[in-house]
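In the numbering used here, the protein residues as written are 236 to 428.
Glycine included, C-beta positions come from ideal geometry on N, C-alpha and C.
Computed from a predicted structure; not experimentally measured.
What follows is a short report on a single structure.
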């Protein structure tokens, strides 16, 4: 029997050039919460609990902060559209609840973000796979996967604030631009998708 292992090496999340440009990040001080990649493995996203989002455009060799427009301090989950890697979703979350959380959408591979759905959640320590694109709904004309699901947190216990406890399954039929709760799905809240 032959055994082999990979050699690991530390990769700084914020490069010396980024620090010189004024970017600040966790540098190992935050908890990892989410990891998502496109189908090639070249575009990779890494989300922390309170240290923001990072992306790599070279398969993880180099990382840069990607928080333009993103007001949550962290994420609970991230997902890349399997048909269009320019479209990326993040569930904004951290240790305090607030309406600046919920679902965030990037239409430019993480270069900028906008809030697609407000949810007064904390999401503290919620690191499950809660977003799912349905690849069978890819629309060639629209250049995106149309149907996406989100399983909202069921037992939210932030360190600060009072979240709105509302477990449910949500659906987007336009690739994450807008969201609606699927009636009668409270039992699906807090699920893994």
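Looking at 326, 411 and 385, the one whose alpha-carbon comes closest to that of residue 417 is 385.
Take the alpha-carbon of residue 336 and the one of residue 377: they are about 27 Å apart. For residue 272, the enclosing beta strand (DSSP E) stretches over residues 267-272. Checking the DSSP bridge columns, you'll see residue 275 has no partner listed. By the beta-carbon neighbour count (other beta carbons within 10 angstroms, threshold 16), residue 267 is exposed.
Using a Cβ distance threshold of 8 Å, residue 351 and residue 320 do not count as a contacting pair. Membership of residue 363 in any beta strand (DSSP E) is not indicated, and neither H nor E is assigned to it by DSSP. For residue 332, there is no enclosing beta strand (DSSP E), as DSSP gives it neither H nor E. Residue 419: not part of any beta strand (DSSP E); DSSP gives it neither H nor E.
Each residue's CA atom was taken as its position, placing residue 355 and residue 388 some 11 Å apart. The Cβ-Cβ distance between residue 304 and residue 329 does not fall below 8 Å. Here the alpha carbon of residue 306 sits roughly 21 Å from the alpha carbon of residue 410.
Following the DSSP letters along the chain, one finds residue 427 in no beta strand (DSSP E), marked with neither H nor E.
In this structure, residue 288 lies away from residue 366, with their beta-carbon atoms at least 8 Å apart. Secondary structure of residue 398 (DSSP, three-state): coil.
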